[in-house]
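> When we follow my numbering, the leftmost residue of the sequence shown carries the number 747, and every step to the right adds one.
Virtual Cβ for every residue (Gly too), placed ideally from N, Cα, C.
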Amino acid sequence: MINCKAISRLSFLLFVVSCFSFQSSSFAQKYLGSRLEILSTTAHNVDVQSPIDLLQETWVRSELDVPNLGNSSNWVWARLDLDPVTDAGLSVEIAYATIDSLQVFMVCDGVVKSKRSAGATVPRSFREQQLGNYPSFPIPVEDCMKLTCYIRAWSGKQILLPVRVEGTRKLLTDGHFRDVFFAIYFGVVISLLIYNLFLYFSVKDNNYLQYVLFIIAVGGTQLVLNGYDRVFELISSPWLALRITHIFGILSGVFSILFVRNFLHLKSKAPLYYKIFGWLYIPYVFASLLLVSGYFNASYDMINVSALSIVLLVPVSIKVWRSGDESAAYFLVGWLVFITAVTVFVLKDFGLIPYNEATLYALPIGSAIELVVLSLALGSRINQLKKDRQKAKEKELNTSLLNEKIQREQNVELEKNVTERTSELTEMNDSLAETLEDLKSAQQQLIQSEKLASLGQLTAGIAHELNNPINFVTSSAQSLKRDFADLKEVIESVSGLQPKSEALSGELDVVIQRMKDLDIAFTLKEIDELLAGVVDGAERTAEIVSGLRIFSRMDGNQSSDANINELLTSTLIILRSNLKDEADVLTEFSENLPNINCQPGKLNQVFMNIITNAAQATMETQLIRSEREVRVRTRLVNDSGKQFIQVDITDNGVGMSEQKKSQIFNPFYTTKGVGQGTGLGLSIVKGILDDHDATIEITSEIGKGTTFLLSFPL
747 MINCKAISRL SFLLFVVSCF SFQSSSFAQK YLGSRLEILS TTAHNVDVQS
797 PIDLLQETWV RSELDVPNLG NSSNWVWARL DLDPVTDAGL SVEIAYATID
847 SLQVFMVCDG VVKSKRSAGA TVPRSFREQQ LGNYPSFPIP VEDCMKLTCY
897 IRAWSGKQIL LPVRVEGTRK LLTDGHFRDV FFAIYFGVVI SLLIYNLFLY
947 FSVKDNNYLQ YVLFIIAVGG TQLVLNGYDR VFELISSPWL ALRITHIFGI
997 LSGVFSILFV RNFLHLKSKA PLYYKIFGWL YIPYVFASLL LVSGYFNASY
1047 DMINVSALSI VLLVPVSIKV WRSGDESAAY FLVGWLVFIT AVTVFVLKDF
1097 GLIPYNEATL YALPIGSAIE LVVLSLALGS RINQLKKDRQ KAKEKELNTS
1147 LLNEKIQREQ NVELEKNVTE RTSELTEMND SLAETLEDLK SAQQQLIQSE
1197 KLASLGQLTA GIAHELNNPI NFVTSSAQSL KRDFADLKEV IESVSGLQPK
1247 SEALSGELDV VIQRMKDLDI AFTLKEIDEL LAGVVDGAER TAEIVSGLRI
1297 FSRMDGNQSS DANINELLTS TLIILRSNLK DEADVLTEFS ENLPNINCQP
1347 GKLNQVFMNI ITNAAQATME TQLIRSEREV RVRTRLVNDS GKQFIQVDIT
1397 DNGVGMSEQK KSQIFNPFYT TKGVGQGTGL GLSIVKGILD DHDATIEITS
1447 EIGKGTTFLL SFPL
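Here is the structure:
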């Protein structure tokens, strides 16, 4: 007998579904099939690409609100006259998700105003042209006398045309209702899948594994039948997208047969039915061969014919139930509900009952109830096993009591072990926390050490850069000293003249002659030039010192506002001497860049590492010195309402392979020889950029060079 509690649960479930179906009827849509005209001839179904060529053909008015165009390999045409005033700005929705190729033309006074496509072969277009899980097409706002919508469709399976004209809000509301419904449905399916998968791993009964496969097939079928595989673009291959509905149909049939034969133990309880269900695999094999060969419609028909064998489940379930297997009663109820749902779904497709939300959702509702009831059937088997085990336990009561005592003692010991282990884990956790802090500190020290090491490598170049202007100033000072001595001599001679002296004329001639001998005019010009050189040397020295001061800032975790262009300039000043024999550095700095909040010293370290590596990469080529270049560019970028400052560092060096690119930020990875690099530079660069929420992208081509693109958010 069926468990009374289970019957009450099932009755409640059916009541909920009935209420849902009643509510669904209030969402019934107004389909415009009676306004559709179908092209009755097939002469132009394949070659014609524009509805303008079909105006002279004979069109037949549909008698159904939802025309059923059958399962044909031909293209079919339908047209719908629209009101260019009241329908303008609305959308034409075709509430059928499994049409493989769909084209919709909007024709205004004989001129095609728009052509849009959807279907399995154009998933991206399908996604962009839908408000929900059904394809929808906007009606253009045009000034015309006659506005007509032409629909051109092809599918490897049955085609229905539930067409309606609605506004965006209505389509979105209905789509949201469908999404909620199927979210609940797939939630039920996933819950049952996980539950039965857990039972399989718990009891190791293959029936649960076969049932899990059956759940996947049934849930997947509803997924593709309602177009959610295309909504979420789960399938990117057009070849597979054209066949996915057939594949799930085949899997549903095959896994149903497999589950039925083993769950009901047909081999021992109904041998004849066991053989019959074994032969039912053959039609699905033929359907698979037709599908692979490209005969989609024939494969679809074969799948539907094979599915008619579902009616055999009723007599076989009754036979097994009568043999004393209580779980077969659940099995019978579940399949009767599903057969009823399939019947309602098919009658709806052929116009024998209303095409509305209640009948449209009959199949997923029926399949959900079927899955729940079949889970109850499997649960009934578990209950029977529990009863058998209870009897066995009663026979071994004394042994069980002894085991219980032993178990209590073991639990006490286990609790003691758990307490000790928890204490050890707590201590270990504290130790790990301290280790983590030490690692963070070591990381900070490593960054500064790498920076100081880099500065050490730059010492010679900086000294050379400073010596040049200082030496020039020193030599200029010596020349100025000599020039001022000459001027001093002339000034003293002029100062010694007596204005009232009778020998003034002769003394003045002597002074003038001395000025000519000393070439005072040249001396004055030379003094101006030397002073200008001294000023230039001082400014150059100040520039180097300022750049070094900015570059060597040990700011730790302290942030401040800084300008990217200024940071790059200071870095290039420091690197100028080191790079002069390696490559030319060309700069293209965008003006008026806003400041960013950053750690300037660390960003200078980033720029120095990347620019130095870029220059060294050019030296590994066969290019002569004048052809080796490193370009540094900055720019302000706006992307999706967000602003970034980008730094582009490009070289014409040897480039990198994909393997090197994938490892370049790994600590201690280096392509340089032993003793020439630590492999920490770019690893530290990546860490610094991560701390600044900045990104780094690398593009490289062997033999042509490498580009590092750094993006700093504002």
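In or out: A789 buried (at least 16 other Cβ within 10 Å) or exposed?
As a first step, residue 789 is located in the sequence shown; it is residue number 43 there, counting from the start. Its pLDDT being 47, under 50, A789 is placed unreliably in this model, and the value from its coordinates should be taken loosely. The residue is exposed, with fewer than 16 neighbouring Cβ atoms inside 10 Å.
> Taking DSSP as the reference, what is the three-state secondary structure of R1257?
In the sequence shown, residue 1257 corresponds to position 511, counting from 1. The sequence shown places Val at residue 1257, not Arg. Residue state, collapsed to three classes: helix.
> Is the distance from the Cβ of V909 to the Cβ of L1098 below 8 Å?
Translated into the one-based positions of the sequence shown, residue 909 becomes position 163. Translated into the one-based positions of the sequence shown, residue 1098 becomes position 352. Contact flag unset, no.
> Grouping DSSP H, G and I as helix and E and B as strand, with all else coil, what is W699?
It is not possible to answer for residue 699, since the shown part of the chain is limited to 747 through 1460.
> Short check: CB of A1308 to CB of A1329, under 8 Å?
As a working mapping, residue 1308 is identified with position 562 in the sequence shown. As a working mapping, residue 1329 is identified with position 583 in the sequence shown. For A1308 and A1329, no; Cβs fall outside 8 Å.
> Where does T1333 land, buried or exposed, given buried means 16+ other C-beta within 10 angstroms?
Indexing the sequence shown from 1 puts residue 1333 at position 587. The residue is exposed, with fewer than 16 neighbouring Cβ atoms inside 10 Å.
> Buried or exposed: L1428, going by 16 or more other Cβ atoms within 10 Å of its Cβ?
Mapped onto the sequence shown, residue 1428 falls at position 682. Under this definition L1428 is a buried residue.
> By the three-class DSSP mapping on this structure, what secondary structure does M1048 have?
Position 302 of the sequence shown, counted from the start, is the residue given in the question as residue 1048. Correct three-state label for M1048: helix.
> Taking just the CA atoms, how far does T1452 sit from Q1392?
What you label residue 1392 is simply residue 646 of the sequence shown in a count that begins at 1. What you label residue 1452 is simply residue 706 of the sequence shown in a count that begins at 1. So the two alpha carbons sit approximately 16 Å from each other.
> Using the DSSP secondary-structure output, state which residues sit across from K1388 in a beta bridge.
Locating residue 1388 in the sequence shown gives position 642, counting from the first residue. D1385, per the DSSP bridge assignment.
> Are the region 943-961 and the region 976-992 touching by the rule of at least three beta carbon pairs closer than 8 Å?
Flag = no, the region 943-961 and the region 976-992 do not touch.
> Ordered along the chain, which non-local residues of its own chain (more than five positions away) have a Cβ less than 7 Å from that of E1443?
Taking the sequence shown and counting its residues from 1, one reaches residue 1443 at position 697. Around E1443: L1455.
> Looking at the structure shown, is W821 part of a helix, part of a strand, or coil, going by DSSP?
For the purposes of this step, residue 821 is identified with residue 75 of the sequence shown, where counting begins at 1. Note: W821 maps to coil in three-state DSSP.
> For L1093, collect the residues of the same chain with a Cβ closer than 6 Å to its Cβ; drop the 5 residues on either side in sequence, then sort them by chain order.
Here residue 1093 refers to the residue found at position 347 when the sequence shown is read from its first residue. Once the five neighbours on either side are set aside, the close Cβ partners of L1093 are I1099.
> So, with DSSP's three-state summary, where would you put T844?
Working through the sequence shown from its first residue, we reach residue 844 at position 98. Three-state result, T844: coil.
> May I have the straight-line CA-CA distance separating R825 from K859, to the nearest angstrom?
Here residue 825 is taken as the residue at index 79 of the sequence shown, counted from 1. Here residue 859 is taken as the residue at index 113 of the sequence shown, counted from 1. About 15 Å.
> Let's see if you can read the secondary structure: which residues bound the beta strand (DSSP E) around I897?
By one-based count along the sequence shown, residue 897 stands at place 151. Unbroken beta strand (DSSP E) run through I897: L893 to W900.
> Would you report the Cα separation of D920 and S1306, rounded to the nearest angstrom?
Start at 1 with the first residue of the sequence shown, and residue 920 comes out as number 174. Start at 1 with the first residue of the sequence shown, and residue 1306 comes out as number 560. Roughly 53 Å between the two C-alpha positions.
> For W900 versus D846, is the C-beta spacing smaller than 8 Å?
Here the question's residue 900 lines up with position 154 in the sequence shown. Here the question's residue 846 lines up with position 100 in the sequence shown. Yes, the pair counts as a contact, with Cβ atoms nearer than the cut-off.
> Return the residue from the list E1337, N1338 and I1320 that minimises the CA-CA distance to V1331.
Counting from 1 along the sequence shown, the entry for residue 1331 is found at position 585. When only C-alpha atoms are compared, the closest one is I1320.
> Would you call the region 1375-1392 in contact with the region 1337-1357, where contact means no fewer than 3 C-beta pairs closer than 8 Å?
Enough Cβ pairs lie closer than 8 Å, so yes.
> Straight-line CA distance for L1117 to Q956?
For the purposes of this step, residue 1117 is taken as the residue at position 371 of the sequence shown. For the purposes of this step, residue 956 is taken as the residue at position 210 of the sequence shown. Distance between the alpha carbons of L1117 and Q956 is about 13 Å.
> In its own chain, which residues sit with a C-beta less than 7 Å from the C-beta of F1023, not counting the 5 before and 5 after it?
Indexing the sequence shown from 1 puts residue 1023 at position 277. Cβ within range, chain order: I1003, V1006, R1007 and L1012.
> Which one or two residues does DSSP pair with L785 in a beta bridge?
As a working note, residue 785 is residue 39 in the sequence shown. The partner list for L785 (beta bridge, DSSP) reads W805.
> Starting from I1444, trace the beta strand (DSSP E) both ways and give me its first and last residue.
The residue you call residue 1444 lines up with position 698 of the sequence shown. Per DSSP, I1444 belongs to the beta strand (DSSP E) from T1441 to E1447.
> Could you please give me the residues that DSSP links to C1344 through a beta bridge?
Locating residue 1344 in the sequence shown gives position 598, where the first residue counts as 1. DSSP, once it has assigned bridges, lists S1306 as partnering C1344.
> Measuring alpha carbon to alpha carbon, tell me which residue in G999, A1044, K1227 and R1322 is nearest Y1030.
Taking the first residue of the sequence shown as 1, we reach residue 1030 at position 284. Considering only alpha carbons, the answer is G999.
> Within a Cβ cutoff of 6 Å, which residues of the same chain sit near N1384, ignoring the five residues on either side of it in sequence?
Taking the first residue of the sequence shown as position 1, residue 1384 is located at position 638. The answer is none, since no qualifying residue turns up.
> Put K861 into one of helix, strand or coil per three-state DSSP.
As a working note, residue 861 is residue 115 in the sequence shown. Looking at K861 - three-state DSSP - the assignment turns out to be strand.
> For the beta strand (DSSP E) that L1455 lies in, which residues bound it at each end?
Stepping through the sequence shown from its first residue, residue 1455 is reached at position 709. Per DSSP, L1455 belongs to the beta strand (DSSP E) from G1451 to P1459.
> Looking only at C-alpha atoms, which of G835, A834 and P881 sits nearest to V850?
For the purposes of this step, residue 850 is taken as the residue at position 104 of the sequence shown. For the residues G835, A834 and P881, the minimum Cα distance to V850 belongs to P881.
> Per DSSP, which one or two residues make a beta bridge with G816?
Here residue 816 refers to the residue found at position 70 of the sequence shown. Its beta-bridge partners are I905.
> With H, G and I counted as helix, E and B as strand and the rest as coil, what does DSSP make of P797?
Within the sequence shown, the letter at position 51 stands for residue 797. It is helical.
> Have a look at Q1244 and G1252 and give me their C-alpha separation to the nearest angstrom.
As a working mapping, residue 1244 is identified with position 498 in the sequence shown. As a working mapping, residue 1252 is identified with position 506 in the sequence shown. The straight-line gap from Cα to Cα measures roughly 11 Å.
> Give every residue of the same chain whose Cβ lies closer than 7 Å to the Cβ of S1052, excluding the five residues on either side of it in the sequence, and list them in chain order.
In the sequence shown, counting from the first residue as 1, residue 1052 sits at position 306. Once the five neighbours on either side are set aside, the close Cβ partners of S1052 are G999, L1026, P1029, Y1030 and A1033.
> Name the one or two DSSP bridge partners that S837 has.
As a position in the sequence shown, residue 837 is number 91, starting the count at 1. Looking at the DSSP assignment, S837 forms a beta bridge with P884 and E912.
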